[in-house]
Amino acid sequence: MLLTTVLICSIYMYSTVDLTSAKVNDAYNTHSEYLKNKLDEKITVVSVEHSSENMNITLLNEGQLTHELDNWDVLYNGTPVNFTITSGELYLAPLESVNISVNASSPGRISIVSEYGNQYYYNLN
337 MLLTTVLICS IYMYSTVDLT SAKVNDAYNT HSEYLKNKLD EKITVVSVEH
387 SSENMNITLL NEGQLTHELD NWDVLYNGTP VNFTITSGEL YLAPLESVNI
437 SVNASSPGRI SIVSEYGNQY YYNLN
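If you read the sequence shown in the working numbering, its first letter stands for residue 337, the second for the next number, and so on.
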């Protein structure tokens, strides 16, 4: 009876440890891929054009990744602001550029936060 109980408990413990180990391994792989993508990303602010109340910003993707622009955030003086993609793209492929428009005025600071958490700054003077 004792041997049967020990056997049943060990089978249950093994399956629990196996499932937990698989979840931890998947999370580690996802995190490693995220960090690799963050390192491979390279966005450059090519130009900023001031109009009355808008800033038109041209960004160039010099990295190896294709970016989904809906996952980006734009901050103006530390506050999240809405932005529009004036060139109409949904994705930014390597060696392509995109134009975004932000309702902002100078002086100030624009920060573009990519989907992998990298920030790209531009001071409006």
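Ideal placement from N, C-alpha and C gives every residue a C-beta, glycine not left out.
Would residue i and residue j be called neighbours here (beta carbons separated by less than 9 Å)?
i, j, result
"Y412", "V438", "yes"
"N454", "E377", "yes"
"V384", "M391", "yes"
"A440", "L460", "yes"
From the DSSP output, read off the bridge partner residues of residue i.
i, result
"V410", "V417 and I448"
"L460", "G444"
"V434", "L395"
Could you check how far apart the C-beta atoms of residue i and residue j are, in whole angstroms? I think they sit under 8 Å.
i, j, result
"I436", "L395", "7 Å"
"E432", "N397", "6 Å"
Using three-state DSSP, classify residue i as helix, strand or coil.
i, result
"M391", "strand"
"S383", "strand"
"E404", "strand"
"L426", "coil"
"K365", "The question names Lys, yet the displayed sequence has Asn at residue 365. Three-state result, N365: helix."
"N373", "helix"
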